[in-house]
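*Asks:* Starting off with a structure, shown below.
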Amino acid sequence: MKAWLKPPRSLLLILFLLTLVSVSAVGWSAWKLLDQERIVEAQRAQELLEQAADQAAATLKRTLAETGDRLGAFIANPSPEDAPEDGLLLLLNGEEMSAEPAGRLLFRPFPSAEPEAPEMLFAEAELLEFQQGRLQKAAETYQRLAASPDPATRAGALLRYSRVMRNAGRYQDSRAAYVRLAGMTGVRVAGVPADLLGRHAECELTAQASATTPAAEVRTRMAALLKDLLSARWQLTRGQFEFYWREASRLAGSQGLPPAESLALSDAAALAWGQRKTEPAPRGQSIVWVDRRPFFVIWRGGPERRAVLVTRPESFLKQILAAKDVVPAVFDSEGRLLAGHKDSHNRAAVRTQDETGLPWTLYVTGVPSLTQAGMIARQRFLLLGTSVMVIFLISGTYFIARAIRREMEVSRMQSDFVSGVSHEFRSPLTSIRQLSEILLLGRVPNEDRRQVYYETLVRETARLQRLVEGLLNFGRMEAGARQYRFEELDAGALVRHVVGEFEGQIASQGRHIETMGTESRFRIDADPEAISVALRNLVDNALKYSPQHPTVWVELGREGHSVAIRVRDQGVGIAPAERKAIFRKFVRGTAATAANVKGSGVGLAMVRHIVAAHGGDITVESEPGKGSTFTMLLPASGAAA
Ligand code: ADP
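Position 319, counted from 1, in the sequence shown is what this note's numbering calls 602; the numbers after and before it change by one each time, with no gaps.
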């Protein structure tokens, strides 16, 4: 482990740790920033809500004041033009009550004040009718009274006359009297407006007695009566309204109930009427609940003469409720919702009655969408920025790590190179030294042996020279200082010459280089020395990496516009993954090192340099354990002779 952690591996570890720390720091800061942003945003949202609440309170105050002013003006000068869009504007004057718009007040808290004939007028005739059973006589009396100039008396007499006729079975006469009654307005009989009573009674009689009149006609007329009831044509009490509504519905064959909202409004008006006594202050407002519906009641004026606006909170708070982005709600002092909507999950701004001086508590909830959109945009921007930073950090680390690993590889290869080269130098140097010592001490057994020693000395010296020159050549090539002298030459002759150089050395080991196609006179434009160096390297490798096989092959041929020089052996071969890498300097194959074949790893790099300088190419085909073929392709300068 300790050894493994030595530089430059420890450098990699430090780099990795640094990156980890940086990425974590960036992530943490981004998260913190987001958190901060959320808090600021929440504050902003709360501020907006508070503003909205203040605005709503101000609007509500203004609306109240304006409504009060309008009511004040209405008391002084009531006009139908002041009628509100929703609700009712009432003028309570002594024992009277008028409503704007009149059609919305379905009933009143007190009976109509229209004139009605006193009972006494009919006492005598009713005595005849009920106690003495003298119906004819009673009818005559009623008829006479029905001709009275006073409409109230007429109405009272007509009602009684039609009753007598009906009881006597004279339906036609009874009906005719009801029809007349139905035509009378502005008077009451039995506490009910005469025309309403007449219209209903006549239809009822028709429905009951006459089979000839189509029921449809009764139904249409009663439907019309229902419509009149709904348009508040008569001043009725709630009981009267309900009775006639029920009756007319029955006769009209309809099940419909009067709209609950209209009923509740009229009930609320009745409560406002009652408030004259309980709330005598000349100005004020309150909430009345009818049928679990709240109504705003706002008034100006004392119990004697008072203008009152009765309306649903929604319509009164229209301006506040129309607020964009936020959701306002208004509660009464008992905490009951009057209008709007309260979102309990979100933050809220509250304005209590004490704070605003209003009779209601105001709530404003909801998150303003504008700030939310802004926050989302900022969050995205922050996330994007962080991601870009993290990507930069990671990719930076990756490239640095890669550079370090390359550096490690190069240093490893360099040390391999040094050990390889030293070894290459060592064997010829050892032989030279031993032979020179033997010769110096004169320990040579005979002349033949001496000759062999001299030859060996020459060969080993030449090998050393080649080695040194090879390295110098490679150094020059790497530095880009190698000068090439191109000339047109015969590729076959060149191959033969290089192979010839090897023959002498290997023949003693029982090895042999077989050539093919070298007689064909392919011409190439090349630097003969450089190409010889390249070919020498290939042949040397072929021999080096096939120590068990006596033969290697060198073949000359034509491939398109190129001359191909192939060097083939049956040696250790090259793993597919290494076939590209072996052409890089100092790279040595695994099979080569495993077979304990010494080398410097610069031969093929040099070959690639030379071939590239000639505008050619070098390729390899190989099968591990079976052998390799290196092909040098050089542009041909002429055709075969
Ligand atoms: P060296 O032979 O000195 O190691 P080279 O550059 O000549 O360097 O070759 C690079 C590597 O290519 C060798 O280490 C060896 O693994 C592989 N190689 C080259 N020629 C052959 C061959 N004929 N057969 C098998 N492997 C070869």
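Where is the CB? At the ideal position from N, CA and C, for every residue including glycine.
According to DSSP, which residues form a beta bridge with residue 885?
*Replies:* Looking at the DSSP assignment, residue 885 forms no beta bridge with any residue, so it has no partner.
*Asks:* For ligand 1, is there any heavy atom lying closer than 6 Å to the beta carbon of residue 908?
*Replies:* Residue 908: no, Cβ never under 6 Å from ligand 1.
*Asks:* Could you tell me which of 910, 782 and 639 sits nearest to residue 830, measuring between CA atoms?
*Replies:* Here the closest residue by C-alpha is 910.
*Asks:* Distance, Cα to Cα, residue 437 vs residue 404?
*Replies:* Distance between the alpha carbons of residue 437 and residue 404 is about 11 Å.
*Asks:* With a floor of 4 residues, list each alpha helix (DSSP H) that falls wholly inside the stretch 392-451, ordered by position along the chain.
*Replies:* Counting whole runs of 4 or more residues, the stretch 392-451 contains the alpha helix (DSSP H) stretches 406-409, 418-428 and 434-450.
*Asks:* Which first and last residues belong to the beta strand (DSSP E) in which residue 376 is found?
*Replies:* Counting along the chain, the beta strand (DSSP E) containing residue 376 begins and ends at 371-376.
*Asks:* Starting from residue 568 and walking both ways along the beta strand (DSSP E), at which residues does that stretch end?
*Replies:* Start and end: 566-573.
*Asks:* Is the CB-CB distance between residue 850 and residue 874 below 7 Å?
*Replies:* No, Cβ-Cβ distance for residue 850 and residue 874 is not below 7 Å.
*Asks:* Under DSSP, the alpha helix (DSSP H) around residue 297 begins and ends at which residues?
*Replies:* Looking at the DSSP string, the run of the alpha helix (DSSP H) that includes residue 297 is 292-359.
*Asks:* Given residue 920, which residues of its chain have a CB within under 7 Å of its CB, disregarding the five upstream and five downstream residues?
*Replies:* Taken in chain order, the residues that qualify are 771, 806, 807 and 808.
*Asks:* Please report the Cβ distance between residue 570 and residue 621, rounded to the nearest whole angstrom; I am assuming they are in contact, meaning their Cβ atoms lie under 8 Å.
*Replies:* The pair is a contact, with the Cβ atoms about 6 Å apart (cut-off 8 Å).
*Asks:* What is the C-beta distance between residue 645 and residue 634, in whole angstroms, given that I count them as a contact (C-beta under 8 Å)?
*Replies:* With 8 Å as the limit, residue 645 and residue 634 qualify as a contact, their Cβ atoms being about 4 Å apart.
*Asks:* Please report the residue range of the beta strand (DSSP E) in which residue 622 lies.
*Replies:* Where residue 622 is concerned, the enclosing beta strand (DSSP E) stretches over 620-623.
*Asks:* Less than 8 Å between the CB atoms is what I'm expecting for residue 386 and residue 548, so what's the real figure, rounded?
*Replies:* Wrong, their Cβ atoms sit about 11 Å apart, outside the cutoff.
*Asks:* Tell me the DSSP secondary structure of residue 922 in three-state form.
*Replies:* Residue confidence is low: residue 922 scores 44 on pLDDT, short of 50, so the model does not pin down where it sits. Its coordinate-derived value is still stated next. Three-state DSSP puts residue 922 in coil, outside helix and strand.
*Asks:* Quick check on residue 901: does DSSP put it in helix, strand or coil?
*Replies:* Correct three-state label for residue 901: strand.
*Asks:* Distance, Cα to Cα, residue 725 vs residue 741?
*Replies:* Their Cα atoms are separated by approximately 18 Å.
*Asks:* Can you check the stretch 605-644 for any beta strand (DSSP E) of at least 3 residues that lies completely inside it and give the ranges in chain order?
*Replies:* 610-614, 620-623 and 631-634, all fully within the stretch 605-644.
*Asks:* Would residue 325 pass as a contact of residue 632 if the rule is Cβ separation under 7 Å?
*Replies:* No, the pair does not count as a contact, with Cβ atoms beyond the cut-off.
*Asks:* Which of the three DSSP states, helix, strand or coil, is assigned to residue 784?
*Replies:* Helix, per DSSP.
*Asks:* Determine the extent of the beta strand (DSSP E) in which residue 362 is found, giving its start and end residues.
*Replies:* No beta strand (DSSP E) holds residue 362; DSSP gives it neither H nor E.
*Asks:* Nearest to residue 757 by alpha carbon, out of 543, 362, 887 and 769?
*Replies:* When each option's Cα is compared against that of residue 757, the closest is 887.
*Asks:* Verify the contact flag: residue 710, CB atom, against every heavy atom of ligand 1, threshold strictly below 6 Å.
*Replies:* Checking the Cβ of residue 710 against ligand 1 gives no.
*Asks:* Do residue 596 and residue 577 come within 7 Å of each other at the CB atom, strictly closer than that value?
*Replies:* Contact flag set, yes.
*Asks:* Which residue comes first and which comes last in the alpha helix (DSSP H) that contains residue 798?
*Replies:* Premise fails: residue 798 lies in the beta strand (DSSP E), 795-799, not in any alpha helix (DSSP H).
*Asks:* For the stretch 334-354 and the stretch 514-534, state whether three or more C-beta atom pairs, one from each stretch, are separated by less than 8 Å.
*Replies:* In short, these stretches do not touch, since the Cβ pair count stays below three.
*Asks:* Would you call the stretch 447-458 in contact with the stretch 405-422, where contact means no fewer than 3 C-beta pairs closer than 8 Å?
*Replies:* The stretch 447-458, when compared against the stretch 405-422, does touch it at the 8 Å Cβ threshold.
*Asks:* Let me check you understand the geometry: is the CB of residue 824 closer than 6 Å to at least one non-hydrogen atom of ligand 1?
*Replies:* Flag set: Cβ of residue 824 near ligand 1.
*Asks:* May I ask you to verify whether the stretch 339-349 touches the stretch 678-697, counting CB pairs closer than 8 Å and requiring at least 3?
*Replies:* Output reads no: the stretch 678-697 does not touch the stretch 339-349.
*Asks:* Return the residue from the list 761, 685 and 328 that minimises the CA-CA distance to residue 656.
*Replies:* Minimum Cα distance to residue 656 is reached at 328.
*Asks:* Tell me which residue opens and which closes the beta strand (DSSP E) that residue 381 is part of.
*Replies:* Note, residue 381: beta strand (DSSP E), 379-383.
*Asks:* Run through DSSP, which three-state label would residue 691 get?
*Replies:* Three-state result, residue 691: helix.
*Asks:* When the distance is taken between beta carbons, is residue 463 closer than 7 Å to residue 441?
*Replies:* The answer is yes: Cβ separation under 7 Å.
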